[in-house]
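Data first, discussion second: the structure below is written as structure tokens.
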Amino acid sequence: MNPEVFREYDVRGVVDRDLNFDFVYDLGRAIGTYGIHHGVKTMTIGRDCRLSSEEYQGAIKSGIRATGINIIDIGLCATPILYFSIRHLNTDGGVMVTGSHNPPEFNGFKICIGPDTIYGEEIQKLRRIMEEGDFISGQGNLTAEDISKPYEDYLYENVEIKEGLSIVLDAGNGVGGVFAIPLFKRFGCNVTDIYCDMDGRFPNHFPDPTVPENLVDLIALVKNKGADIGIAYDGDADRIGVISDTGEILWGDELLLLFSRFILKERPGAAIIGEVKCSQRLYDDIKNMAASRLCGRPGIPLSRAR
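Adding 58 to a residue's 1-based position in the sequence shown gives its number in our numbering.
If you want it as structure tokens, here you go:
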């Protein structure tokens, strides 16, 4: 077992080198054992479209069930849908099988106990359970649930988007397009899509929208169509890249600046959380709006903890 696959925010490695069915099965048993010690009875499991994800989803389900935890299989989904499923189905946690924004030879696992992902030392506890073989035994049940429609309904009822907006979507051949296209069309947007057919080989570009060379085709299409905005997703659709109507990339701190202005109009004085890579312009803008600002290490789990 390669200990380096147990990273800060997830378990991740190269398929057939670091990861195989037996490793993933034992990882499932470790997650189940850890979960039972934290009062977990039921978990949801989802996966992205990578070539190994269906096999690994089967292995992780079997491993977790072998500890006595019940599993709800939500199938192919985006990572935000997995997070949504925990609250919507009232489960005690979940696992997303995904290589996220990494090259196609990678895969991994994002693990939630309760509604939040575990990280840091808690992930190292899974490694130690596996090394010691200290697994709890039991037999959990398996059911399946499709929650893509409830997720779409939730967004439609809670988000406002101007009807007639012209959008170009690039899913990078990940799962994002399957869910984003019908949602934006439901909002009345004019949608043009590129690389929205799922292909776990990611033949057109790596599914990382924070890398400028992966946005070249999207930028060209936004300009060609005269679109209002371009949106690119990573492989599991939990990170985005945004292109303006003039074809410029809007970086993460620029997006947070726009989001913070909107939020502070609705909730004056709210705390805005940034990270060390954000520009000083963002923090100055927040300060000028008389809001508090927090800066720290990057990562969603750490932001939630703050």
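Think of the CB as a built atom: it goes at the ideal place given N, C-alpha and C, for glycine as much as any other residue.
Taking DSSP as the reference, what is the three-state secondary structure of residue i?
i, result
"GLY151", "strand"
"ASP228", "strand"
"MET101", "strand"
"GLY33", "Here the chain covers residues 59 to 364 and nothing more, so residue 33 does not appear."
"ALA290", "strand"
"ASN78", "coil"
"VAL63", "helix"
"THR175", "strand"
"ILE129", "strand"
"GLY284", "coil"
"SER143", "helix"
"HIS96", "coil"
"ALA117", "helix"
"PRO270", "helix"
"SER111", "helix"
"ALA124", "coil"
"LEU360", "With a pLDDT of only 44 at LEU360, under 50, the local geometry of the prediction cannot be trusted, and no value is derived from it."
"ARG186", "helix"
Please report the straight-line C-alpha distance between residue i and residue j, rounded to a whole angstrom.
i, j, result
"GLU203", "ILE344", "42 Å"
"GLU425", "GLN182", "As shown, the chain starts at 59 and ends at 364. That puts residue 425 outside it, with no answer to give."
"SER143", "ASP131", "10 Å"
"GLY284", "ILE219", "18 Å"
"LEU313", "GLY246", "23 Å"
"GLY71", "LEU140", "21 Å"
"LEU77", "GLU66", "17 Å"
"PRO208", "CYS170", "20 Å"
"ASP80", "HIS263", "31 Å"
"GLU180", "ILE89", "10 Å"
"TYR177", "GLY116", "23 Å"
"CYS135", "ILE298", "16 Å"
"ARG145", "ILE127", "17 Å"
"ILE289", "PRO267", "9 Å"
"ILE122", "MET256", "28 Å"
"ILE187", "PRO265", "32 Å"
"GLY354", "GLY86", "Note that GLY354 scores 45 on pLDDT, short of 50, meaning its location in the model is unreliable; the coordinates nonetheless yield the value given after this. So the two alpha carbons sit approximately 31 Å from each other."
"GLU333", "TRP309", "13 Å"
"TYR92", "LEU184", "7 Å"
"ASP150", "ILE94", "10 Å"
"PRO326", "GLY222", "30 Å"
"ALA124", "ILE239", "38 Å"
"GLY133", "ARG105", "6 Å"
"ASN346", "ASP311", "16 Å"
"SER337", "VAL217", "28 Å"
"ASP74", "ASP303", "43 Å"
"ASP68", "VAL153", "10 Å"
"LEU147", "ILE205", "9 Å"
"GLU189", "MET59", "8 Å"
"ASN248", "PRO270", "25 Å"
"PRO161", "LEU340", "31 Å"
"ASP342", "ILE301", "24 Å"
"LYS281", "ILE118", "44 Å"
"TYR83", "SER120", "7 Å"
Check the DSSP bridge columns for residue i and list the partner residues they point to.
i, result
"LEU134", "ARG105"
"VAL69", "PHE64, PHE167"
List, from N- to C-terminal side, the alpha helix (DSSP H) runs of 4 residues or more that fit wholly inside the segment 188 to 266. Fully enclosed alpha helix (DSSP H) runs of no fewer than 4 residues occupy 206 to 216, 234 to 244 of the segment 188 to 266, in order along the chain.
What beta strand (DSSP E) runs, 3 residues minimum, are completely inside the segment 293 to 348? Counting whole runs of 3 or more residues, the segment 293 to 348 contains the beta strand (DSSP E) stretches 298 to 301, 330 to 333.
Is it a yes or a no for the segment 209 to 218 touching the segment 270 to 278, going by three-plus beta-carbon pairs under 8 Å? Contact fails: fewer than three Cβ-Cβ distances are below 8 Å.
Is there contact here, the segment 146 to 164 with the segment 103 to 122, by at least three beta-carbon pairs under 8 Å? The segment 146 to 164 vs the segment 103 to 122: in contact.
Counting pairs of Cβ atoms below 8 Å between the segment 220 to 233 and the segment 292 to 311, do you hit three or more? Segments in contact, yes.
Pair every Cβ in the segment 304 to 322 with every Cβ in the segment 248 to 264, then say whether three or more of these pairs are closer than 8 Å. Cβ pair count under 8 Å is below three, so no.
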